[in-house]
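Novice:
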Amino acid sequence: MKEIRINVNGVFRHLIVEDNEILLDTLRTRLGITSVKAACWRGECGLCTVLIDNKPMKSCMLLSVEVDGSEILTAEGLYNNKRARVLMESFVKHGAMQCGFCTPAFVTTAHSVLSSNPDADDQEISEKLKGVICRCGTYFQIKEAVKSARAFYKDGSPETF
Amino acid sequence: MNSRTVLGEKVPQVDSWLKVTGTLRYSFDISLPGMLYAKLVTSKYAHAKIRSLSFEEALKVPGVVAVATGKDFPFRLGIYVSDRDVLAVNKVRWVGHPVAAVIATDMSSAEEAAEKVNVDYEPLEPVLDVEKALEKDAPLVHEDLADYSVFPGFRPVPGTNIANEFNLVKGDVEKGLKESSVVIEDTFRIPQISHAAMEVQNSIGYWRPDNVVELWSSVQSPFATRFLLSKSLGVPLNRVIVHAPPIGGGFGLKAGLGWEALVALLSKKAGNRPVKLVLSRAEQMTSAPSRDLFLAKVRAGFSKEGRFLAYKAEFFLDAGAYADYTVNVARTAGYSAEGSYEIENVNVKSLAVYTNKIPTTAMRGFGHPENHWPLEQILDRAAHELKMDPVSIRAVNLLKPGFSERATGEKVREDEGNPEGVLRTAAGLIEIDKVENPSVPWTVIGKGLSMLVKAPSQPSNAAASAVVKLNEDGTVDVITGTGSMGQGTPTGLAMIVAEEFGVPLESVKVVQTEGVDTDRSAYTWQTVGSRGLFSDGIAVLRAIEDAKGQVKKIASAVFRVPEDDVEVSGGYVFSRTHPWIRKELREFANGYTFSDGTSVGGPVIGRGSYIPVLNTFLDEKGHGSNTVFHTYGATAVEVELNLITGEIKVLRAVQVFDVGKVINLLTLIGQADGGFIMGLGSALFEEIKFDDSGWVLNPNLTHYYVPRITDCDFEIKESFIETPQKDGPLGARGIGEHVMIAVAPAIANAVFNATGVKMNELPMSAEKVWREIMKQKPELFSKALKSFQESLKEVMAE
Chain A
297 MKEIRINVNG VFRHLIVEDN EILLDTLRTR LGITSVKAAC WRGECGLCTV
347 LIDNKPMKSC MLLSVEVDGS EILTAEGLYN NKRARVLMES FVKHGAMQCG
397 FCTPAFVTTA HSVLSSNPDA DDQEISEKLK GVICRCGTYF QIKEAVKSAR
447 AFYKDGSPET F
Chain B
5 MNSRTVLGEK VPQVDSWLKV TGTLRYSFDI SLPGMLYAKL VTSKYAHAKI
55 RSLSFEEALK VPGVVAVATG KDFPFRLGIY VSDRDVLAVN KVRWVGHPVA
105 AVIATDMSSA EEAAEKVNVD YEPLEPVLDV EKALEKDAPL VHEDLADYSV
155 FPGFRPVPGT NIANEFNLVK GDVEKGLKES SVVIEDTFRI PQISHAAMEV
205 QNSIGYWRPD NVVELWSSVQ SPFATRFLLS KSLGVPLNRV IVHAPPIGGG
255 FGLKAGLGWE ALVALLSKKA GNRPVKLVLS RAEQMTSAPS RDLFLAKVRA
305 GFSKEGRFLA YKAEFFLDAG AYADYTVNVA RTAGYSAEGS YEIENVNVKS
355 LAVYTNKIPT TAMRGFGHPE NHWPLEQILD RAAHELKMDP VSIRAVNLLK
405 PGFSERATGE KVREDEGNPE GVLRTAAGLI EIDKVENPSV PWTVIGKGLS
455 MLVKAPSQPS NAAASAVVKL NEDGTVDVIT GTGSMGQGTP TGLAMIVAEE
505 FGVPLESVKV VQTEGVDTDR SAYTWQTVGS RGLFSDGIAV LRAIEDAKGQ
555 VKKIASAVFR VPEDDVEVSG GYVFSRTHPW IRKELREFAN GYTFSDGTSV
605 GGPVIGRGSY IPVLNTFLDE KGHGSNTVFH TYGATAVEVE LNLITGEIKV
655 LRAVQVFDVG KVINLLTLIG QADGGFIMGL GSALFEEIKF DDSGWVLNPN
705 LTHYYVPRIT DCDFEIKESF IETPQKDGPL GARGIGEHVM IAVAPAIANA
755 VFNATGVKMN ELPMSAEKVW REIMKQKPEL FSKALKSFQE SLKEVMAE
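Quick note, the sequences are listed as chains A and B, same order. Add 296 to the 1-based position in the first sequence for the working numbering, that's all there is to it. Add 4 to the 1-based position in the second sequence for the working numbering, that's all there is to it.
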């Protein structure tokens, strides 16, 4: 058992976790954050992607003790970020989801893509989202959704409400 | 009036905001107080007797509550053929067959204990090949086939590995072949593929102390599941409650019966505490069902004008160890083998065959991706022999609505669609006659097209029902039985209700959007077969009609006009002859109270139901009436084929369907595109690979590759034709499965168009295509290689 201190969606958490506990389980089971899904538990599907200090990481491939001191963002937290809310709205408007099981992972990853480069083109968007699988095949719609949210990630566009 | 129509517009699914924030609750996300976890112990042999089984060591692991084995649960299950056990009894039938289950307080204890369950096997000879399974002395996968209960219309053959035999006979096929100018003969093969739904199957069972069996499960068929559980466990129907929360991808995997019987029984075994089973991806791909392997041996004869004179086909569906659902897939592949064409003489035999491989079940398309794979390639090959083009040979043979008859004897209805319009639209959009130049000389560009047609394959009792309730603020609640798995049916139903009452879409709530449960939802058979919008849609429209009738009755007393003078539309209730006499619909929701305090009527509750009244069972020649609607479509593609590597790259894709009536354009386009991508995966990448002893070699998403966003850098166009189905909901037909059926044959036809190379086997991986080029047209490879080397020299020289 180890002590960790993390900030999850803006809330500081002081947790005692197993040495071999993966971040996915800490978030889902301990903290009840269900937007973080899992479909392979071995880093293949990308559905457990979360932002750790603004970088997209697969939470099934990380031990919770490794993220001690980090800031973690999931779709639930991104809902309160003005830019991400616009991105989510764009997903909704473009029908960039069917069953919705992978949607939080796409939103989370796309938010980090646009945050680091608001001018990302088709190819860059695809390359950076290819780690997440959507079996319903909403990829065309996801690309459109991400592209049409780009303007809101440029300088001058507010992040908070 | 607020009656702005939303029909035909692009409307986001009503649960979109829950999905985008990850707050929609799937069964995957549900846990109950005191819940235990189950872990499967699975077979290491494809076929073996269980000599003994011991689990004393497993019980010593802290946290372990119980271990269950097949002997604990002597029940047989199945939707069409009850060939399934809950856990293996006496023998195992495939590598991955669940033998025991460990129940523990947490997952890691259950996993640790599962390693400590010892099973002593006596290996038996396995049968791993569908043709060998049919040989006389083949080992039997199910020795007790004669004792299994069978749904009417299915014909297992005891003493063999045949789970179902279906025959379709029209005319004299041998005579037809003799009279043909061109006969195409070949063998086609499709491997087993995985649904690979992102949400793995998961179920919570809770056998409550009051003997009510309650389940939360990732299931497309809550009512069918309730029925099957009740029947096999001997519990009355209304003492089984199946909750089916929204599903993270179904595609047929979650139709029929899943793991619900197991978790219910485990709960009982664990002292009536809730037990959850969540499969790992490897378990999903080895212990749970996949799509059948398909083998087709066909002979097809054409006149010199291109008339399709004869089609003789033998289909072998490798059903794996359980053919529970695949018996119907095989039957369906058989009776719809003629596709969109009128063929003069037909003889199709379609067998579902047991082997010692992973079991199989329904998957999107249900026998049609299978039977269209040979059929649609035969047409292109015949066209080539006859010096016709792929469009003309199809046009000559297409079923003619209002005139033709199917091989089953069913009349092709006048209102069932416009196959020729579909064909011509697809051919036009892909510019099928226009020759494209490749970007480099070692590739070629080809165009290919495939038609498709499919009807829901469902029993005659596949009913649906709906309840519509008016609220006193003008909002409307709709209760259905079809849940949400991404297909968008709840949104489509909400749009229909909004349209019919003339209220804003936001005023309509389809309660089942957030989950179905058998206690509080209206009955529907299953969420399968592209039947949701059609069957539930009709039930909802009838419920609306019923509700409006109740409103009219109340309004008649209030307005003092005859009932048939009252009209309900645009959110208002008014007199047709005196339209200034009107009130808002909401004023009648709970009945009406007059100014003197007296009241009339009561809460308005409309009810509607649907059953496919014209369906019959099919006779021994496959004749009868089996279908409620057909949706026609076509997929066309332009592909670039690298002649050196064999790699296929899609450049453009076209999806055309006659949907009857567009309800929601956004979800319709989503289906058309998503289905193309799923079809692309099965066309180019997907194959469950087995080794010689029956082990799955790629039970993960690295070695079983499904399409990713980078595979979609091509242009896709969708086009929808609206030939209204007279008895469909507002004229609409189903579409959910059709979208993937024609993708693989269209791509194969494009390869044939570009090179003349015939692709008989899926997937068309680069390696396989390269091998076929080397076998059939090695000169193409040498020429391409030479031009590549020359261009390399030029580059080096620079």
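Note that the Cβ used here is the ideal one computed from N, Cα and C, for glycine as well. Remember, it's a predicted structure, so these values are computed and weren't measured experimentally.
According to DSSP, is B/His101 helix, strand or coil?
Specialist: coil
Novice: In the DSSP assignment, find the alpha helix (DSSP H) that holds A/Leu410 and state where it starts and stops.
Specialist: 399-412 is the extent of the alpha helix (DSSP H) around A/Leu410.
Novice: Residue range of the alpha helix (DSSP H) that B/Met682 falls in?
Specialist: 669-688
Novice: Note down the Cα distance separating B/Gly678 from A/Ile438, rounded to an integer number of angstroms.
Specialist: So the alpha carbons of these two residues sit roughly 11 angstroms apart.
Novice: Could you tell me the boundaries of the beta strand (DSSP E) in which B/Ser599 lies?
Specialist: Where B/Ser599 is concerned, there is no enclosing beta strand (DSSP E), given that its DSSP letter is neither H nor E.
Novice: Might you give, ordered along the chain, the residues of its own chain that have their beta carbon closer than 6 angstroms to the beta carbon of B/Gly606, omitting 5 neighbours on each side?
Specialist: Gly595
Novice: Please name the residue in B/Trp377, B/Gly406, B/Leu297, B/Phe407 whose C-alpha comes closest to that of B/Ala366.
Specialist: With distances taken between Cα atoms, B/Ala366 lies closest to B/Leu297.
Novice: Does DSSP put B/Thr495 in a helix, a strand or coil?
Specialist: helix
Novice: Who are the neighbours of B/Leu284 on chain A, taking C-beta pairs under 8 angstroms?
Specialist: Reading off the sequence shown, one finds Ser at residue 284 of chain B, where the question assumed Leu. Within 8 angstroms Cβ-Cβ: Trp337.
Novice: Kindly indicate if chain B contains any beta-carbon less than 9 angstroms away from that of A/Glu423.
Specialist: yes
Novice: Where does A/Arg381 sit, in a helix, a strand or coil, going by DSSP?
Specialist: helix
Novice: In chain order, what residues of the same chain have a beta carbon less than 6 angstroms from the beta carbon of B/Asn6, not counting five sequence neighbours either side?
Specialist: With a pLDDT of only 46 at B/Asn6, under the threshold of 50, the placement of this residue in the model should not be trusted; the figure read from the coordinates follows. Excluding sequence neighbours, B/Asn6 sits near Pro508, Gly575.
Novice: Measuring CB atoms only, is the region 545-558 of chain B touching the region 489-496 of chain B, in the sense that at least three cross pairs come out at less than 8 angstroms?
Specialist: no
Novice: Below 9 angstroms between beta carbons is the criterion; list the residues of the region 696-707 of chain B that meet it against any residue of chain A, in chain order.
Specialist: Asn704, Leu705, Thr706
Novice: Within a Cβ cutoff of 6 angstroms, which residues of the same chain sit near B/Trp220, ignoring the five residues on either side of it in sequence?
Specialist: Ser31, Ile34, Ile208, His247
Novice: Take the Cβ of B/Phe407 as the centre, count every other Cβ of all protein chains shown within 10 Å, and call the residue buried at 16 or more, exposed below.
Specialist: exposed
Novice: State yes or no: is the beta carbon of A/Val388 nearer than 9 angstroms to at least one beta carbon in chain B?
Specialist: yes
Novice: Does the Cβ of B/Val216 lie closer than 8 angstroms to at least one heavy atom of the ligand ADP?
Specialist: This structure lacks the ligand ADP, and indeed carries no ligand of any kind.
Novice: Name the residues in the region 379-407 of chain A whose C-beta lies less than 7 angstroms from a C-beta of chain B; which are they?
Specialist: Met384, Phe387, Val388, Lys389, Gly391, Met393, Gln394, Cys395, Gly396, Phe397, Cys398, Thr399, Pro400, Val403
Novice: In the DSSP assignment, find the unbroken beta strand (DSSP E) run with B/Ala300 in it and report its ends.
Specialist: 297-306
Novice: How far does the alpha helix (DSSP H) with A/Tyr435 in it reach, from first residue to last?
Specialist: 435-444
Novice: Looking at chain A, is there any beta carbon in it that lies within less than 9 angstroms of the beta carbon of B/Phe724?
Specialist: no
Novice: Restricting to runs no shorter than 3 residues, where is the beta strand (DSSP E) found entirely within the region 420-461 of chain B?
Specialist: 447-458
Novice: Quick check: is the beta carbon of B/Trp220 nearer than 9 angstroms to any beta carbon in chain A?
Specialist: no
Novice: Can you tell me where the alpha helix (DSSP H) holding B/Ile777 begins and where it ends?
Specialist: 770-780
Novice: Using a Cβ-Cβ distance cut-off of 9 angstroms, determine whether B/Gln17 contacts chain A.
Specialist: yes
Novice: Along chain B, in chain order, which residues have C-beta atoms closer than 8 angstroms to that of A/Thr370?
Specialist: Gly26
Novice: Could you have a look at A/Ala416 and say whether DSSP puts it in helix, strand or coil?
Specialist: coil
Novice: Going straight from the alpha carbon of B/Tyr709 to that of A/Pro414, what length do you get?
Specialist: 30 angstroms
Novice: From the DSSP output, which residues share a beta bridge with A/Met353?
Specialist: A/Val346
Novice: How big is the Cα-Cα spacing for A/Lys333 and A/Leu343?
Specialist: 5 angstroms
Novice: For A/Lys426, go through chain B and note every residue whose CB falls closer than 7 angstroms to its CB, in chain order.
Specialist: Arg712, Ile713, Thr714
Novice: Determine, using beta carbons only, whether B/His742 and B/Ser534 come nearer to each other than 9 angstroms.
Specialist: yes
Novice: State buried or exposed for B/Glu783, treating a residue as buried only when at least 16 other CB atoms are found within 10 Å of its CB.
Specialist: exposed
Novice: Compare the beta carbon distance of B/Leu81 and B/Tyr210 with 9 angstroms and say whether it is the shorter of the two.
Specialist: no
Novice: Any C-beta of chain A sitting closer than 9 angstroms to the C-beta of B/Leu22?
Specialist: Yes, because at least one Cβ of chain A sits closer than 9 angstroms to the Cβ of B/Leu22.
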